[in-house]
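Student:
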Amino acid sequence: MPTPVILDCDPGHDDVFAIWLAAGHPALDLRAITTVGGNGRLEHTTYNARVVTELAGIAGVPISAGAGAPLVRTLAPADWIHGANALGGPVLPEPVVAADRRPAIDLIRDTIDDSAEPVTIVATGPLTNLALFVRAYPDRLPGIREIVWMGGSTGRGNVTPYAEFNAWCDPEAASIVLAGGLPFTMVGLNVTHQALVTPDVITRIDAIGNKTAAFGVELLNFFNATYEADQGMPEGPLHDPVAVALVAQPGLVTTVRTRIDVELHGAETAGATSVDLIDKLKRPPNAHVATGLDVEQFWRLVENAIRRLS
Ligand code: RIB
Ligand code: CA
Numbered sequence: 090m091p092t093p094v095i096l097d098c099d100p101g102h103d104d105v106f107a108i109w110l111a112a113g114h115p116a117l118d119l120r121a122i123t124t125v126g127g128n129g130r131l132e133h134t135t136y137n138a139r140v141v142t143e144l145a146g147i148a149g150v151p152i153s154a155g156a157g158a159p160l161v162r163t164l165a166p167a168d169w170i171h172g173a174n175a176l177g178g179p180v181l182p183e184p185v186v187a188a189d190r191r192p193a194i195d196l197i198r199d200t201i202d203d204s205a206e207p208v209t210i211v212a213t214g215p216l217t218n219l220a221l222f223v224r225a226y227p228d229r230l231p232g233i234r235e236i237v238w239m240g241g242s243t244g245r246g247n248v249t250p251y252a253e254f255n256a257w258c259d260p261e262a263a264s265i266v267l268a269g270g271l272p273f274t275m276v277g278l279n280v281t282h283q284a285l286v287t288p289d290v291i292t293r294i295d296a297i298g299n300k301t302a303a304f305g306v307e308l309l310n311f312f313n314a315t316y317e318a319d320q321g322m323p324e325g326p327l328h329d330p331v332a333v334a335l336v337a338q339p340g341l342v343t344t345v346r347t348r349i350d351v352e353l354h355g356a357e358t359a360g361a362t363s364v365d366l367i368d369k370l371k372r373p374p375n376a377h378v379a380t381g382l383d384v385e386q387f388w389r390l391v392e393n394a395i396r397r398l399s
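Mapping the sequence shown onto the working numbering, position 157 (from 1) lands on 246, and the numbers just tick up by one.
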């Protein structure tokens, strides 16, 4: 039976490939999409989610808007990577299907209530929606199989020297979700930086030849250009679908059980994910952290999912 999945995201170029992989992989059953302010303002991330689901022929998956701002901090959209509308590059076709009128936490609640088995939540943006959910509906937590988050890092950051963007956006939310006691896996930059959009990757996706692939190639070319300008990386790391791939094909991403804490107060380190890989602090473990990726198999999964879409 396919795994029921909710995807909480901030599309965002790499979030788009997370949506497409979640919808296109036969081992997954994408039940709902929720959006959050992060890469862009909420109106953009929600609009973009509608655009890329319709373009790919993904039907019957409700999309609800969630939090437009972090719990306590001010939103700082990552327009330096994703552009002013959070999906720079291609012309965006006007979506027809409206967003679901329920707020994100209510769509998550109802999706859990309607599922015969616990639901996996993959989060590829700041964890604001999930922090609000665990606070609003603690009685629904048994309906969540696990949370898999693209965020954080066991090493350096990408928005400050020590903080990764999703954690940096809303570290308080990440800390609340980590403390919630749910099975939690963090897929950080230390692994996603292996998922590089090389010329060969672009060629392989382009060769798929459908509308989704053509749109995806435009996204990847924009993403690589901004990654080179901002991070000095000519081949951008396609972070978010790695979190989806972990759920789709167990073993494709290796993980270890560990202790993760989020820095909330450091003037220079706020949003840093402190991953105690050697158990130096002897704190109880609270998560799994990704440590390795089968890169070739990952790209095969992305290609095959896009091939199944429009
Ligand atoms: O740091 C990378 C993460 O931040 C990805 O999820 C990307 O989409 C941005 O949200
Ligand atoms: Ca994202």
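Backbone N, C-alpha and C define an ideal beta-carbon position, used for all residues, glycine too.
(1) Quick check: the region 331–344 against the region 130–141, are there 3 or more CB pairs under 8 Å?
(2) In the DSSP assignment, the alpha helix (DSSP H) including D199 goes from what residue to what residue?
(3) From the DSSP output, read off the bridge partner residues of E235.
(4) Using a Cβ-Cβ cutoff of less than 8 Å, which residues in the same chain neighbour T380 once the five nearest sequence positions on both sides are dropped?
(5) Output the boundary residues of the beta strand (DSSP E) element that contains H171.
(6) Below 8 Å on the Cβ atoms is my guess for V351 versus A263; work out the distance and round it to an integer in Å.
(7) I'd like the ranges of any alpha helix (DSSP H) spanning at least 4 consecutive residues and lying wholly in the region 274–347.
(8) Cβ of T200 within 7 Å of Cβ of A121?
(9) Quick one: grab the DSSP three-state call for V266.
(10) Considering only the beta carbon of each residue, do L219 and V266 sit closer than 7 Å?
(11) Of the choices Q386, A225 and T142, whose alpha-carbon is the least far from that of A107?
(12) Please state the DSSP three-state secondary structure of A112.
(13) In whole angstroms, give me the CA-to-CA distance for F311 and P373.
(14) Could you check where the alpha helix (DSSP H) with V140 kicks off and where it finishes?
Tutor: Short version:
(1) Cβ pair count under 8 Å is below three, so no.
(2) Position 110 of the sequence shown, counting from 1, holds the residue named residue 199. Per DSSP, D199 belongs to the alpha helix (DSSP H) from A193 to D202.
(3) Looking up residue 235 in the sequence shown gives position 146. Beta-bridge pairing links E235 to T209.
(4) Against the sequence shown, residue 380 aligns to sequence position 291. Around T380: T243, N279, V280, T343, T344 and V345.
(5) On the sequence shown, position 82 is the one that residue 171 refers to. Taken as a continuous stretch (DSSP letters only), H171 belongs to no beta strand (DSSP E), being part of the alpha helix (DSSP H) at D168 to H171.
(6) In the sequence shown, residue 351 corresponds to position 262, counting from 1. In the sequence shown, residue 263 corresponds to position 174, counting from 1. Yes, they are in contact, since the Cβ atoms of V351 and A263 sit about 5 Å apart, within 8 Å.
(7) Secondary structure in the region 274–347: the alpha helix (DSSP H) runs of 4 residues or longer, each lying completely within the stretch, are 278–281, 288–295, 300–320 and 329–337 in chain order.
(8) Position 111 of the sequence shown, counted from the first residue, corresponds to residue 200. Position 32 of the sequence shown, counted from the first residue, corresponds to residue 121. In contact: T200 and A121 (Cβ atoms closer than 7 Å).
(9) As a first step, residue 266 is located in the sequence shown; it is residue number 177 there, counting from the start. The three-state reading of DSSP puts V266 in helix, counting H, G and I together.
(10) Position 130 of the sequence shown, counting from 1, holds the residue named residue 219. Position 177 of the sequence shown, counting from 1, holds the residue named residue 266. Going by C-beta atoms, L219 is nearer than 7 Å to V266.
(11) Here residue 107 refers to the residue found at position 18 when the sequence shown is read from its first residue. Answer by Cα proximity: T142.
(12) For the purposes of this step, residue 112 is taken as residue 23 along the sequence shown, with counting starting at 1. It is helical.
(13) Along the sequence shown, one-based indexing puts residue 311 at 222. Along the sequence shown, one-based indexing puts residue 373 at 284. Take the alpha-carbon of F311 and the one of P373: they are about 42 Å apart.
(14) Here residue 140 refers to the residue found at position 51 of the sequence shown. First-last of the alpha helix (DSSP H) with V140: L131 to L144.
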